[in-house]
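Numbering (my numbering), first residue to last: 13 to 472.
We put the CB at the ideal spot given by N, CA and C, even for glycine.
Because the structure is a prediction, the values reported are computed rather than measured.
The structure appears below as structure tokens.
Put into structure tokens, the structure is as follows:
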């Protein structure tokens, strides 16, 4: 065993910790050790910069008021100044549970992902992991910081729960205060950084986050180059392909990085298209990687990705052929065009009911906030009726206020009220829907879930 001594000012750590003799992992920047009780990870730097301890102290202070969002971050808790009584520089973080694995191990290639799906993994789990990455980045951006190194290897995820933790927070950037110490990983680095025209900051993080979220959902790097720009120098080729000549693979006006299998069902050796995502996620993709690719201020914020990913939960349906979850493509008309992006099977009738959720605003007005899909057997969770609420990461334990059933005789889905509050039919019918009663989800129905709660309008 070895011993590390800590500088004063650590967060609830003793002045000295015991670590293993041999590192668990050694990288270019340092070696990682664990404490014997499994509580902490200790990174010892190989060749720290002269001001590394000072930079770490600033980062330590910035993390003292993170609140509940610290669950998404492996924040530095203490600074090492000696290893076995020899001067060293290091940083201590909580050890992420062994249930979490490096994100790249889950989605490194489409073939690996297909195998995961065949073993029972659901796209919902990937959606949760994408949401977790956005939440982690939103947290540091909300504190006025940037990460500067967002990529697949700096997130650890629990594929069953969708929980995600962002690591390598010892190089955070604060404009005018903490300078960037790394450029990032090629393939994720913003074009302006690749071109040497900018240094990592929040706007470049936004590009990296968009690439990462889409890699998680679509199981590929949507910015992967398909042309060689310098056959003699791989580094220069990457600098050109991800910098000056960077191009989104599905840019309709620039097909340089297009590959023919995009849009072919994944289980038929195809590649998922961003058009299989919800309209809101499609919009964010275009803002990020078409309009904002070389115009950084146009890139959406991390909080926009987080919200759109959370809202997407309620558009997932299950394929009747391959049983995989996918976003119900209500935006495609006519309905027979709607297919599972995994196996290619058409969605079979009865088609889900499509509803808009509306929230109260000033002077009795309501505005549409998002769309949901309801189908036979689906519970109606309480959060759907509460203004301002997003779906929680897991709905285990969330109250259920209704149930969707298919009425074959009438050829319509019905929503049964399991709530103690009576619902009111505002349009498309009349009357109250008390506990145990139901209402037919026909186009034009406008239903109120009660005073101060949301309304729902059936659009299909």
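Discussion item. Measuring straight from C-alpha to C-alpha, what distance separates residue 11 and residue 146?
Written reply: The structure shown has nothing for residue 11, since the chain only spans 13 to 472.
Practice prompt. Quick one: which unbroken beta strand (DSSP E) runs of 3-plus residues sit fully inside the segment 160-239? Chain order, please.
Written response: 167-169 and 176-178
Worksheet item: Do residue 181 and residue 87 have their C-beta atoms within less than 8 Å of each other?
Response: In terms of Cβ geometry, residue 181 and residue 87 form a close pair [threshold 8 Å].
Worksheet item: Just to confirm, are residue 15 and residue 28 a CB contact at a threshold of 8 Å?
Response: yes
Discussion item. Please tell me whether residue 302 and residue 263 are closer than 8 Å, where the distance is taken between their beta carbons.
Written reply: Taking the C-beta atoms as reference points, residue 263 is found nearer than 8 Å to residue 302.
Worksheet entry | Meets three-Cβ-pair contact criterion under 8 Å: the segment 413-425 and the segment 369-382 | no
Discussion item. For the structure I just gave you, are there three or more beta carbon pairs, one from the segment 240-258 and one from the segment 318-328, closer than 8 Å?
Written reply: no
Fill in: Local Cβ density within 10 Å of residue 55, reported as buried at 16 or more and exposed below that
With a threshold of 16 other beta carbon atoms within 10 Å, residue 55 meets it and is buried.
Practice prompt. Using three-state DSSP, classify residue 302 as helix, strand or coil.
Written response: helix
Worksheet item: What beta strand (DSSP E) runs, 3 residues minimum, are completely inside the segment 366-429?
Response: 378-386, 391-393, 412-419 and 424-429
Discussion item. Let me make sure I understand the geometry here. Which of 124, 112 and 230 has the alpha-carbon closest to that of residue 287?
Written reply: 230
Item to complete: Determine the burial state of residue 36: buried for a count of at least 16 other Cβ atoms within 10 Å of its Cβ, exposed for fewer.
Response: exposed
Discussion item. Distance check for residue 83 and residue 168, CA to CA, integer angstroms please.
Written reply: 12 Å
Worksheet item: Nearest to residue 271 by alpha carbon, out of 305, 236 and 65?
Response: 236
Discussion item. So, at 7 Å on beta carbons, what are the nonlocal neighbours of residue 428 in its own chain, with the 5 sequence-adjacent residues on each side left out?
Written reply: 414, 415, 417 and 450
Fill in: Top-ranked residue by Cα proximity to residue 337, from 79, 214 and 356
356
Worksheet item: Helix, strand or coil for residue 90 per DSSP?
Response: strand
Discussion item. Applying the 10 Å Cβ sphere with the 16-neighbour rule, what's the burial state of residue 150?
Written reply: buried
Worksheet item: Nearest-angstrom Cα distance between residue 203 and residue 184?
Response: About 20 Å.
Discussion item. Quick check on the DSSP output: the alpha helix (DSSP H) that includes residue 435 runs from which residue to which?
Written reply: Unbroken run through residue 435 is the beta strand (DSSP E), 435-439; no alpha helix (DSSP H).
Fill in: Beta-carbon contacts of residue 68 that lie in its chain and below 7 Å, excluding the five residues immediately before and after
88, 91, 103 and 182
Worksheet item: In this structure, does DSSP put residue 470 in helix, strand or coil?
Response: It is a strand residue.
Worksheet entry | Limits of the alpha helix (DSSP H) - the one that residue 150 falls within | 135-154
Worksheet item: When you compare only the Cα positions, how much space is there between residue 246 and residue 295?
Response: 33 Å
Worksheet item: Considering only residues of the same chain and omitting the five flanking positions on each side of residue 173, which have a CB-CB separation below 6 Å?
Response: none
Worksheet item: Can you give the Cα-Cα distance for residue 48 and residue 13, rounded to whole angstroms?
Response: 9 Å
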